[in-house]
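In the UniProt record's numbering, the protein residues as written are 1 to 316.
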């Protein structure tokens, strides 16, 4: 009887040891599984800062309706209500996100009667553990001039006789880092190409570097700024005619709207216009009030789910 009890105890201990060993092995395997990396969200309030794009893309299935408006110069004085009476320029645009990384968009600007379309892809995303220290987004735009040649009746030649002469392109890489809950900085190397230029010495290709940033004041208010340095001039013979674009502003978030108000020396809204063609100067008071309004609609279930997911994630 004693022998039987002894054998029974030995069997129980043997089974327990095996079960504990299996549990330790499972725990070890779980620890070896790669942990999903936490992504950094909300580097910027929206897909635009002031004039420039940001690294942000919309959640899959989201539609962003955007209104951009620029008034005339403050330097026009009280009789023109410091630029509010005009002339003004406006752009209406629609952006749609095919996926969390890929956004397409179209728009139409009153200045120069310019239609535009773009493709935007988020290549890299910053992670919380800094295994990926920056976010990287690529942008390609095509711009189509819909206006008529004003000199056709005088010169008898239509500069837009070829359809390709109406087209200009922009290629841009955006590299951004969110340093903490408040501060995000971005640089944007840019190439602009014109199929048609006005004069023999004008450049078909313009290189520029955008520098922009956001500083969060409260949950719904941020300070913003951007500066675009032109590496070469569109018109070398008149290099003093055009100036670098510079802007400072504020983001205000209210519900599903983002309202951006700012002052800038650029009148045009499209990159192929304001980067090479800005003629106003800050030091001469040739700045103007502008604003952007963005309203994002979740047009698919996946967009709503993504919005809820981001709300639940740790932002920083």
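Note that beta-carbon positions come from the ideal geometry of N, C-alpha and C, so glycine has one too. Every value quoted in this text rests on a predicted model; they were computed, and no experiment measured them.
Asked	Found
Helix, strand or coil: which one does DSSP assign to residue 95?	strand
Under the three-state reduction of DSSP, which class applies to residue 40: helix, strand or coil?	coil
Which term fits residue 133, buried or exposed, when burial requires 16 or more other beta carbons within 10 angstroms of its beta carbon?	exposed
Can you give me the C-alpha to C-alpha distance between residue 146 and residue 245, rounded to a whole angstrom?	25 Å
Terminal residues of the continuous alpha helix (DSSP H) containing residue 274?	271 to 277
According to DSSP, is residue 80 part of a helix, a strand, or is it coil?	helix
If we ignore side chains and look at the alpha-carbon of each, how far apart do residue 89 and residue 292 end up?	12 Å
Could you check what DSSP says for residue 299 in three-state terms: helix, strand or coil?	coil
Round the Cβ separation of residue 176 and residue 135 to the nearest angstrom and send it over; I've been treating them as touching at under 8 Å.	5 Å
Decide yes or no for the touch test of the region 46 to 64 against the region 277 to 288: beta carbon pairs closer than 8 Å, at least 3 of them.	no
Could you spell out the range, first to last residue, of the beta strand (DSSP E) harbouring residue 193?	183 to 194
Following the continuous beta strand (DSSP E) through residue 223, name the residue where it begins and the one where it ends.	221 to 230
On the three-state DSSP scale, how would you describe residue 245?	strand
Straight-line CA distance for residue 252 to residue 219?	9 Å
Mapping the DSSP letters down to three states, classify residue 341 as helix, strand or coil.	One cannot answer for residue 341 here, as it falls past the ends of the chain, which runs 1 to 316.
Give the straight-line distance between the Cα atoms of residue 299 and residue 285, rounded to the nearest whole angstrom.	43 Å
Could you check whether residue 269 and residue 111 sit closer than 8 Å to each other, using their CB atoms as the reference points?	yes
Buried or exposed for residue 161, going by 16 or more other Cβ atoms inside 10 Å?	exposed
Does DSSP put residue 283 in a helix, a strand or coil?	helix
Cα separation between residue 231 and residue 211?	13 Å
Excluding five sequence neighbours on each side, which residues of the same chain lie with their C-beta closer than 6 Å to the C-beta of residue 84?	71
Looking at C-alpha atoms only, which residue of 41, 68 and 98 is the closest neighbour of residue 266?	68
Residue 181: buried (16+ other C-beta within 10 angstroms of its C-beta) or exposed?	exposed
Please list, in chain order, all residues of the same chain as residue 215 whose beta carbon is under 7 Å from its beta carbon, the five residues on each side excluded.	182, 183, 222 and 223
Please report the residue range of the beta strand (DSSP E) in which residue 267 lies.	Where residue 267 is concerned, there is no enclosing beta strand (DSSP E), given that its DSSP letter is neither H nor E.
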